[in-house]
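Colleague: When you line the sequence shown up against my numbering, it's residues 3 to 482, in that order.
Each residue gets a CB set at the ideal place from its N, CA and C atoms; glycine is no exception.
All of these numbers come straight from a predicted model, not from anything done at the bench.
Handing you a structure now.
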Amino acid sequence: MKKLILILPAIIFLACEDALVESPKSLAVETFYNTAAEVESAVNAIYGPLRSDNCLGGLYPAQMEAYVDYGYGRGSYGILSEFQGLDPTNITRTGQMWDQFYLAIRNANLVIENAPKGSRISEADIAKYVAEAKFLRALSYFYLVRNYGGVILRTEANMTEQSLPRSSADDIYQLVLSDLAVAEQDLPDAPAIAGRPSKWAAKTLLADVYFYKGQYSEARSKALEVIGSNKYSLVQVSVADDFQKIFGPDVVSTTEEIFYLKYTRQSGYGFNLVMFAHHPGSRLHGAGGYYAHYTDSQANPVYKNWDSADLRKLYGWYSYDIGLGPNSLLNKKFTDPQALGGSGAGNDYPLYRYADLLLLYAEADSRVSNGPTADGMEKLNMVRRRAYGKNPAAPSEIDLALADYNAQSFLDRVLQERGYETQYEGKRWLDLKRSGKAKEIIKATVGKDVADKQFLWPIPVSELNFNTVLDATRDQNPGY
């Protein structure tokens with residue numbers, strides 16, 4: 003079933019992407035965007051760059067997992083865990099990510115510009131496909147603005163212009179919010195197939211954008227809309243291995259899935275990040291592994307102080323000798339022993355899942371209310387109950403008590419819980435940045451001072467050379 007859902011669209015969008023990227027002039031707009039099938043193929047082409055090994059499928063989360071308090075990078079990722087900015091190897095990697103995000107944006111712009119011109123496509127289909135393109139464009143810019151700050155604002159109105167100035171972060175966020183306003187209005191209530199966004203995915207992304215910007219009332223409101231829809235629920239677990247029902251390579255979809263990048267167990271169509279997690283000798287990835295990240299069960303206080311009764315701790319890590327001492331652990335949130343090639347793991351990448359949203363709501367609600375509320379505490383406890391193998395919807399002996407927390411201690415507790423819940427999903431560094439506690443927490447846990455240049459990646463040299471409006475000194479981020 004998963005191959006039916008994923009491989010066939012992948013073949014369509016890769017074929018379409020090849021045409022759009024390599025010979026865009028050969029596709030006359032008046033003949034290519036006429037039917038719903040043609041426009042859908044163009045929409046599918048937006049996913050290719052985002053899913054690629056050089057973007058969200060591999061390099062991006064691999065980079066982010068070296069900027070954490072619960073572990074460390076190894077090999078060429080080891081220098082990132084010094085928190086002193088990027089070396090040339092990782093500057094090259096972030097440049098590759100930049101290129102892929104902008105390729106996705108370009109493909110989205112083509113749909114937004116040309117879909118309304120179709121002669122044999124309904125207005126309803128036009129609205130749906132433009133909304134999907136705007137959702138994906140907003141998602142791409144959201145990744146860019148959080149990691150680079152202000153970037154180049156390329157839209158359907160200026161996509162033929164080579165040289166454009168660097169826009170402010172506020173301008174980027176303005177476009178993101180505008181795109182998502184369209185997406186939440188015109189996307190379907192439920193996706194046609196797993197892996198496409200719904201209006202609830204758009205509302206969730208909106209909540210996250212507001213959350214990152216510190217607009218907590220708006221974030222709370224959007225999160226509550228999604229929670230109140232009753233579309234999603236936490237997958238229950240009884241033992242640690244039950245988390246495979248959420249993260250395993252054979253999962254098609256779950257009640258927790260809001261928006262995931264979908265992969266399948268086929269060479270070139272799988273989730274490349276899984277290759278970064280494992281040692282070849284572990285046989286937890288069919289093609290081996292880079293073991294690019296690890297933790298130490300005794301030296302790392304996040305892991306050491308984590309309650310061993312929490313099933314996420316047992317599920318998420320395994321002991322393996324990687325030549326760094328007897329206490330080394332590798333992450334096993336994502337495994338696929340049958341993966342076909344380095345990019346052949348069948349696991350999906352959860353960009354937004356219900357547990358993440360519940361924790362977002364709990365924090366936003368507390369910030370708006372100047373302290374924790376019973377509702378916010380319940381959302382936090384739902385995630386915790388599941389982590390301990392309990393029914394998420396029923397009170398439990400492991401529940402945290404509202405009376406034990408003030409405004410700051412509750413925020414600290416939610417931030418800690420987000421760290422436990424989203425390990426190896428590429429989210430922790432952004433949470434630490436957003437909270438303003440990155441320097442404090444990294445110093446306390448891994449003993450490193452975080453340089454100011456660590457907070458933004460450099461604008462790629464290729465962009466500075468290609469874009470004649472930019473000045474290599476004025477428009478580069480500090481420290482590069």
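According to DSSP, R355 sits in a beta bridge with which residue or residues?
Modeller: Beta-bridge pairing links R355 to E259.
Colleague: Once the 5 residues before and after G75 are set aside, which same chain residues still bring their CB inside 7 Å of it?
Modeller: Excluding sequence neighbours, G75 sits near A68, L82, S83, A294 and H295.
Colleague: Go to T206, then tell me how far its alpha helix (DSSP H) extends in each direction, as first and last residue.
Modeller: Segment K201 to K215, the alpha helix (DSSP H) holding T206.
Colleague: Quick check: the Cα distance between V254 and L472, rounded to an integer number of angstroms?
Modeller: About 45 Å.
Colleague: Closer than 6 Å by C-beta to M379: which residues in its own chain qualify, once you throw out the five before and the five after it? Chain order, please.
Modeller: Here the set comprises L404.
Colleague: In the structure shown, what three-state DSSP assignment does N332 receive?
Modeller: Inspection of the sequence shows that residue 332 is occupied by Leu rather than by Asn. DSSP places L332 in strand when its eight states are reduced to three.
Colleague: Would you list the one or two residues that DSSP bridges to W1?
Modeller: There is no way to answer for residue 1, as the model of the chain reaches only from 3 to 482.
Colleague: Taking DSSP's pairing of strands, which residues face I154 in a bridge?
Modeller: Its beta-bridge partners are R168.
Colleague: Smallest Cα separation from S235: which of P118, Y214, E259 and T375?
Modeller: Per the Cα distances, E259.
Colleague: Excluding the 5 residues flanking I128 on each side, which residues of the same chain have their C-beta closer than 6 Å to its C-beta?
Modeller: Within the same chain, I128 has close Cβ partners A117 and P118.
Colleague: Can you confirm whether the region 348-368 touches the region 279-287 when touching is taken to mean that 3 or more C-beta pairs between the two stretches lie within less than 8 Å?
Modeller: As far as the Cβ criterion goes, the region 279-287 does not touch the region 348-368, which means the pair count is below three.
Colleague: Quick one: what's got a C-beta closer than 8 Å to A30's C-beta in the same chain, skipping five residues either side?
Modeller: Residue confidence is low: A30 scores 49 on pLDDT, short of 50, so the model does not pin down where it sits. Its coordinate-derived value is still stated next. The answer is none, since no qualifying residue turns up.
Colleague: With a cut-off of 8 Å on the beta carbons, I'd call A106 and S142 a contact; round off their distance for me.
Modeller: So it is a contact: roughly 5 Å between Cβ atoms.
Colleague: Given that a residue counts as buried once 16 or more other Cβ atoms are within 10 Å of its Cβ, and exposed if not, what is P460?
Modeller: By the neighbour-count rule (16 or more Cβ atoms within 10 Å), P460 is buried.
Colleague: Enumerate, from N- to C-terminal direction, the unbroken alpha helix (DSSP H) stretches of 4 or more residues contained entirely within the region 27-67.
Modeller: Fully enclosed alpha helix (DSSP H) runs of 4 or longer: 31-34, 38-53 and 61-66.
Colleague: Once you ignore the five residues that flank V23 on each side, which residues in its own chain have a CB closer than 6 Å to its CB?
Modeller: Confidence at V23 is low in this model, with a pLDDT of 31, below 50, so its placement is unreliable and the value that follows should be read with caution. Excluding sequence neighbours, V23 sits near nothing in its chain.
Colleague: Using three-state DSSP, classify T447 as helix, strand or coil.
Modeller: T447: helix per DSSP, three-state reduction.
Colleague: Pull up the distance between the alpha-carbon of D338 and that of L332, whole angstroms please.
Modeller: Distance between the alpha carbons of D338 and L332: 14 Å.
Colleague: Would you call the CB atoms of D71 and L434 closer than 9 Å?
Modeller: Yes, the Cβ-Cβ distance between D71 and L434 is below 9 Å.
Colleague: Just to confirm the assignment, what range does the alpha helix (DSSP H) spanning D101 have?
Modeller: P90 to N116 is the extent of the alpha helix (DSSP H) around D101.
Colleague: Are D101 and N56 close, meaning C-beta to C-beta below 9 Å?
Modeller: Yes.
Colleague: How far does the alpha helix (DSSP H) with Y422 in it extend, from its first residue to its last?
Modeller: Here the alpha helix (DSSP H) through Y422 covers A409 to E423.
Colleague: Of all the options Y175, D309 and A203, which has the alpha carbon lying nearest to the alpha carbon of D188?
Modeller: Ranking the options by Cα distance to D188, first place goes to A203.
Colleague: Could you check the C-alpha separation between F137 and V147 for me, to the nearest Å?
Modeller: If I take the Cα positions, the gap works out to 15 Å.
Colleague: Could you give the C-beta distance for D312 and Y426, rounded to a whole number, given that I count them as a contact under 8 Å?
Modeller: Incorrect: roughly 15 Å between the Cβ atoms, too far for contact.
Colleague: Quick one: Cα of G343 to Cα of L275, how far?
Modeller: So the two alpha carbons sit approximately 12 Å from each other.
Colleague: Bridge partners of Y296, per DSSP?
Modeller: BP columns for Y296 point to Y74.
Colleague: Buried or exposed: which applies to L326, given that a residue is buried once 16 or more other Cβ atoms fall within 10 Å of its Cβ?
Modeller: So L326 ends up on the exposed side.
Colleague: Between the C-alpha atoms of W308 and K315, what's the straight-line distance to the nearest angstrom?
Modeller: Taking the straight line joining both Cα atoms gives about 7 Å.
Colleague: For D312, which three-state DSSP category applies?
Modeller: Residue state, collapsed to three classes: coil.
Colleague: Between the region 236-253 and the region 196-213, are three or more C-beta pairs nearer than 8 Å?
Modeller: Touching, no.
Colleague: In the DSSP assignment, what are the bridge partners of R386?
Modeller: Its beta-bridge partners do not exist; DSSP assigns none.
Colleague: Once DSSP output is grouped into helix, strand and coil, what is the label at D338?
Modeller: If DSSP states are grouped into helix, strand and coil, D338 belongs with the strands.
Colleague: Please state if the CB of G346 and the CB of G272 are separated by a distance shorter than 9 Å.
Modeller: Going by C-beta atoms, G272 is nearer than 9 Å to G346.
Colleague: Could you tell me the boundaries of the alpha helix (DSSP H) in which K225 lies?
Modeller: Reading off the sequence, residue 225 comes out as Ala, not Lys. First-last of the alpha helix (DSSP H) with A225: Y218 to G230.
Colleague: Short check: CB of I400 to CB of R386, under 9 Å?
Modeller: Yes, the pair counts as a contact, with Cβ atoms nearer than the cut-off.
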